[in-house]
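Top to bottom, those sequences are chains F and S. Residue 63 in the numbering used here sits at position 38 of the first sequence, with consecutive numbering throughout. Residue 198 in the numbering used here sits at position 195 of the second sequence, with consecutive numbering throughout. The structure under discussion appears below in the form of structure tokens.
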Amino acid sequence: MNTASREIIHTGLWNNNPALVQLLGLCPLLAVSNSLVNGLGLGIATVAVLCASNLVVSLSRNLLRDEIRIPVFVLLIASLVTVIELVMNAWFHGLYRVLGIFVPLIVTNCAIIGRAEAFASRNRPLPSLLDGLAMGGGFAATLVVLGAARELIGRGSLLDGADLLFGDIASNWTLQFFDPEHGFLLALLPPGAFIGLGMLVALKNALDQRHARLVAIAPGSDAASELA
Amino acid sequence: MTERGNLLRLMSRSGLSLLLFAVLGVGVVTFFYVLTADRIEKNEREYMMRSLNELIPASAYDNDFFTDTIAVIDEELLGSDQGVAVYRARRLGQPVGLIISPQAPNGYNGVIRLLVGFYADGTLAGVRIVAHRETPGLGDGIDQQRSDWVEQFPGLSLASAPPADWQVKKDGGRFDQLTGATISPRVVVQAVHKAMLYFDQHQDRLFATAAGDSYRFETESQP
């Protein structure tokens, strides 16, 4: 893998993570992250849409004048999401039952149009696809961590409802750590989503600062580059 | 003059390509809509059949349960001023049971939609929560995917449980509330009870009316 690709992946997953740094797409993020499985569901759907929209936008980028670029992107993304929803409903109905409500939410995710405008409209199709994968992955990872934390604190469980996403083999995947009655309800309610996301942002900043300090103390040393 | 002409040409070019993309978008969506419409309808139907069959098993009836439906309107007892669907199960032409889909408009967080199944003798076949927005971790225990709270209903009838029983225990009735949540179970119990009263008042007409239309049955005068 060349440096440019590695840079794209690192940017999407960490340096410019759409949820933790750009703070894009908070509406679906906060609404759906009340359990690990829900978070993973929206995460998968977002990765799929982001990859497809980046690819389509990148392919059409040379056909468009600047003035009409954004309206056309909106058109393309809206059509694409509708088509994905229809296809899921028709051929993956079980999955649609779980993810279906999230797919229209993805249209409201400004991360999609943000990547179309900032990256895909200026780059060739393959890097754009990779960018979609990395940005979507970064968004999905945040969703999964936040969903897991809220489910664990609020309900004492992890992977509740996994069978909805993975089929019957997953029906006993649920881990119950303590009685749901003793859960901290706030974590499941909307304020808990904001507090949880705030803590994740703080954690990321703290890690980045620690890393920057280490690099400053010993530039080029092994310890610093290992942490990177 | 040429500048103006240039601008006009630019504008019409942009407008034209915008139109082109709009047509393309609509075309693609239409194509996929037509391609998937039948399958989606079949999926919806199968999904609904599965929920209905959880209440009244497929072995109990031999008619086309899913299409043998009417819509009935009763704001007071069924919780909606729109028609709610009634699915009717029959075997050899005789009524086996039916499923009403009433709403409880006063949930903690908006409307709760239910399926309430009856056997022809008036006993409850079961209750399912189809859609709700109750608080995760508290009120959502009414959802059969979250807890087995709804399993208190099957087998009960108006004859076996007097009106005073149709409350949660906290209000002096027979039904468990959920820990930390009284409102969601309370409104579901009340909605089920009202659906039972409706079934009791209109049972004969519910089975006898021809499928397909929307009805508002007048309440029979009290004896």
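Just so you know, even glycine gets a beta-carbon here, dropped at the ideal spot from N, CA and C.
*Quick one: measure Cβ to Cβ for A194(S) and P105(S), integer angstroms, because I've assumed they're closer than 8 angstroms.*
Counted from its first residue, the second sequence places residue 194(S) at position 191. Counted from its first residue, the second sequence places residue 105(S) at position 102. Going by Cβ atoms, the distance from A194(S) to P105(S) rounds to 6 angstroms, so yes, they are a contact pair.
*Given that L111(F) touches chain S, what residues does it touch there, using C-beta distances under 9 angstroms?*
On the first sequence, position 86 is the one that residue 111(F) refers to. Result: V32, F35, Y36, L38, T39, A40 and I43.
*State the CB to CB distance for the pair L118(S) and V133(S), rounded to an integer number of angstroms; the pair is presumed to be in contact (CB under 8 angstroms).*
As a working mapping, residue 118(S) is identified with position 115 in the second sequence. As a working mapping, residue 133(S) is identified with position 130 in the second sequence. Contact holds; Cβ gap of about 6 angstroms.
*Cα-Cα, which of V81(F), N79(F), T167(F) and S85(F) is closest to Q259(F)?*
Missing from the structure shown is residue 259(F); chain F here goes from 26 to 253 and no further.
*Assigned secondary structure, R86(F) (DSSP; H/G/I helix, E/B strand, else coil)*: Here residue 86(F) is taken as the residue at index 61 of the first sequence, counted from 1. In the structure shown, R86(F) sits in a helix (DSSP, three-state: H, G or I).
_I'd like to check one pair, G162(F) with L38(F): are the Cβ atoms closer than 8 angstroms?_
The residue labelled residue 38(F) in the question sits at position 13 within the first sequence. The residue labelled residue 162(F) in the question sits at position 137 within the first sequence. It is a contact, given that the beta carbons lie within the stated cut-off.
*asked:* Is there a Cβ of chain F sitting closer than 8 angstroms to that of N46(S), yes or no?
replied: What you label residue 46(S) is simply residue 43 of the second sequence in a count that begins at 1. With 8 angstroms as the cut-off, N46(S) counts as an interface residue toward chain F.
*L200(S) to Y50(S), Cα distance in whole Å?*
By one-based count along the second sequence, residue 200(S) stands at place 197. By one-based count along the second sequence, residue 50(S) stands at place 47. L200(S) and Y50(S): Cα-Cα distance of roughly 28 angstroms.
*Cross-chain neighbours of E142(F) in chain S, by beta carbon under 8 angstroms*: By 1-based counting over the first sequence, the position of residue 142(F) is 117. Those within 8 angstroms of E142(F) in chain S number zero; the least Cβ separation is about 16 angstroms.
*Assigned exposure category for D216(S) - 16 Cβ within 10 Å defines buried*: Position 213 of the second sequence holds residue 216(S). Flag for D216(S) reads exposed.
*Name the chain F residues whose beta carbon is nearer than 8 angstroms to that of A25(S)?*
Position 22 of the second sequence, counting from 1, holds the residue named residue 25(S). Under the 8 angstroms cutoff, chain F gives L100.
*Within the present structure, is the beta-carbon of V171(S) separated from the nearest heavy atom of the ligand COA by less than 7 angstroms?*
By its list of ligands, the structure shown contains no ligand whatsoever, and the ligand COA lies outside what it can speak to.
*Is there contact here, the stretch 82-94 of chain S with the stretch 62-72 of chain S, by at least three beta-carbon pairs under 8 angstroms?*
yes
*Which bits of chain F does G175(S) rub up against, with CB to CB less than 8 angstroms?*
Mapped onto the second sequence, residue 175(S) falls at position 172. Correct list: empty, because the minimum Cβ distance to chain F is about 24 angstroms.
*Which chain F residues sit within Cβ distance under 8 angstroms of L11(S)?*
Residue mapping note: residue 11(S) aligns to position 8 of the second sequence, counting from 1. Within chain F, no residue comes near L11(S); the closest Cβ sits about 14 angstroms away, beyond 8 angstroms.
*Apart from the five residues on each side of it in sequence, which residues of its chain come closer than 6 angstroms, Cβ to Cβ, to S250(F)?*
Against the first sequence, residue 250(F) aligns to sequence position 225. Only weak support is given to the placement of S250(F): the predicted model assigns it a pLDDT of 49, under 50, and the value that follows is read from those uncertain coordinates. Excluding sequence neighbours, S250(F) sits near nothing in its chain.
*List the residues of chain F that L21(S) touches, going by C-beta distances under 7 angstroms, in chain order.*
Taking the second sequence and counting its residues from 1, one reaches residue 21(S) at position 18. Per Cβ cutoff of 7 angstroms: I93, P96 and V97.
*Cβ of L155(F) within 8 angstroms of Cβ of S60(F)?*
Here residue 155(F) corresponds to residue number 130 of the first sequence, with the count starting at 1. Here residue 60(F) corresponds to residue number 35 of the first sequence, with the count starting at 1. No. Outside cutoff.
*asked:* Is the separation between the beta-carbon of I103(S) and that of Y218(S) shorter than 8 angstroms?
replied: As a first step, residue 103(S) is located in the second sequence; it is residue number 100 there, counting from the start. As a first step, residue 218(S) is located in the second sequence; it is residue number 215 there, counting from the start. No, these two residues do not count as a Cβ contact at 8 angstroms.
*Use the C-beta contact count for F178(S): other C-beta atoms within 10 angstroms, 16 or more gives buried, fewer gives exposed.*
Within the second sequence, residue 178(S) is the residue found at index 175, counting from 1. F178(S) comes out buried.
*Might you give, ordered along the chain, the residues of its own chain that have their beta carbon closer than 7 angstroms to the beta carbon of P226(S), omitting 5 neighbours on each side?*
Your numbering for residue 226(S) matches position 223 in the second sequence. Low confidence applies here, because P226(S) scores a pLDDT of 41, under 50, leaving its location unreliable; read the following figure in that light. Excluding residues within five positions, none has a Cβ falling inside 7 angstroms.
_First through last residue of the alpha helix (DSSP H) which encompasses S146(F)_ = Stepping through the first sequence from its first residue, residue 146(F) is reached at position 121. It is not in any alpha helix (DSSP H) - S146(F) carries neither H nor E in the DSSP assignment.
*With T28(F) and A165(F) assumed to form a contact (beta carbons below 8 angstroms), what rounded beta-carbon distance in angstroms separates them?*
As a position in the first sequence, residue 28(F) is number 3, starting the count at 1. As a position in the first sequence, residue 165(F) is number 140, starting the count at 1. Incorrect: roughly 24 angstroms between the Cβ atoms, too far for contact.
*Quick one: any contact between the stretch 139-158 of chain F and the stretch 177-194 of chain F, if contact means 3 or more CB pairs under 8 angstroms?*
no
*Given L81(S), which residues of its chain have a CB within under 8 angstroms of its CB, disregarding the five upstream and five downstream residues?*
Numbered from its first residue, the second sequence carries residue 81(S) at position 78. Closer than 8 angstroms at Cβ, skipping near neighbours: V75, V87, I103, P105, Q106, K197, A198 and Y201.
*Show which residues of chain S have a CB atom less than 9 angstroms away from the CB atom of N114(F).*
Working through the first sequence from its first residue, we reach residue 114(F) at position 89. Neighbours of N114(F) on chain S, chain order: T39, R42, I43, N46 and E47.
_Within chain F, the residues that G28(S) reaches when beta carbons sit closer than 8 angstroms_ = The residue labelled residue 28(S) in the question sits at position 25 within the second sequence. Those within 8 angstroms of G28(S) in chain F are L100, L101, A103 and S104.
_Exposed unless 16 or more other CB atoms sit within 10 angstroms - verdict on F34(S)_ = Sequence index remark: in the second sequence, residue 34(S) carries index 31 (1-based). Looking at its Cβ environment, which holds fewer than 16 other Cβ atoms inside 10 Å, F34(S) is exposed.
*Mind checking who R94(F) pairs with in its DSSP beta bridge?*
In the first sequence, residue 94(F) corresponds to position 69, counting from 1. Note: R94(F) sits in no beta bridge, so no partner.
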